[in-house]
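One structure is given here, and the rest of the page talks about it.
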Amino acid sequence: MSNAAALFCSCRGGDIDNVRNLVENGEAELNLRDQWDSTPLYYACLCGHEDLVKYLLNNGARCAPNTFDGERCLYAALTDRIKNILRSYKAITPECMRRDSYREFFRRKWRDRSVIELKHRLVRPWAFNAILQYLYTDRLYIAMDQIDDCLRLAKHCKLEYLENQLQMRLNSIQMFGTSKKRSITVVSIEPESQSTSLQDAFGRLAEIALPSPFTAQQFPKPFPFEISLDLFEVVPSSEDPPPFFDVCFVVDSYRFHGHKVL
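Position one of the sequence shown corresponds to residue 468 (our numbering), numbered consecutively onward.
Written as structure tokens, this is what we have:
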């Protein structure tokens with residue numbers, strides 16, 4: 468039985484232990500659909516498995532209000548308690564999903580590893596390189612004949628904004644191609660001229676790299692961008708390093724934990 472089939476079966480039967488194993492060890496996708504366009508969360512709601520519903524929601528199952536999936540799960544919920552859980556559910560944003568999925572990779576599978584081998588046959592090196600470039604530069608360039616590989620990896624990594632941008636660009640190129648003789652060979656994604664998303668993200672990394680005494684009093688001027696530690700859901704103390712740093716500078720006993728990309 469495939470992971471997908473096992474996940475649907477376990478959600479119908481309420482086998483939360485098997486669902487947890489499939490998600491945490493088998494990397495099962497929580498928002499996949501079966502032939503009836505139903506999701507694992509839909510079956511958990513339909514069959515009245517309250518604890519399983521909570522687990523699926525907490526691990527990225529989509530159930531936003533006023534959407535097809537959200538309203539369908541609410542309508543199918545077997546009990547009022549499950550309906551209340553769905554109504555009070557705080558939708559997970561693409562940024563949160565990306566943050567949480569990467570945190571789990573670092574916490575469980577990639578902990579204390581300096582080299583990560585990606586052996587899955589569907590993870591193409593050119594797609595991985597393009598998406599890595601996008602994460603650090605907010606720009607992506609991929610050959611037209613490789614865009615499907617990039618779309619697949621963006622979906623797997625829960626980079627929904629990038630996935631949507633790629634799909635929109637692909638649709639535009641296909642419409643353009645029907646009326647033009649010249650062929651397009653490269654797909655590019657670039658930020659809008661007023662976008663500050665990359666600057667804001669690097670600002671958070673810069674702030675979290677500073678020892679606490681410096682953030683409050685050592686800089687006469689504030690950073691020219693919004694800074695928030697909410698991205699990490701961790702407030703590092705002087706004793707605790709920030710999460711996921713890969714370089715450390717020690718100056719007068721102060722430790723500056725940072726990222727080599729900066």
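By construction, the Cβ of each residue, glycine as well, lies at the ideal position given by its N, Cα and C atoms.
Item                                                                                      : Value
Exposed unless 16 or more other CB atoms sit within 10 angstroms - verdict on residue 716 : exposed
C-alpha distance - residue 495 paired with residue 489, whole-angstrom precision          : 6 Å
Reference residue 594; option with closest CA among 655, 491 and 485                      : 655
Range of the contiguous alpha helix (DSSP H) that encloses residue 544                    : Premise fails: residue 544 is in no alpha helix (DSSP H) and is neither H nor E.
Span separating the alpha-carbon of residue 678 from that of residue 672                  : 12 Å
Distance CB(residue 590)-CB(residue 620) smaller than 9 Å                                 : yes
Reference residue 630, options 659, 548, 598 and 612, closest by Cα                       : 598
CB of residue 556 within 9 Å of CB of residue 607, strictly                               : no
Through-space distance from residue 610 to residue 634, alpha-carbon basis                : 14 Å
Pairwise C-alpha distance: residue 724 and residue 675                                    : 8 Å
Collapsed DSSP secondary structure at residue 530 in the structure displayed              : coil
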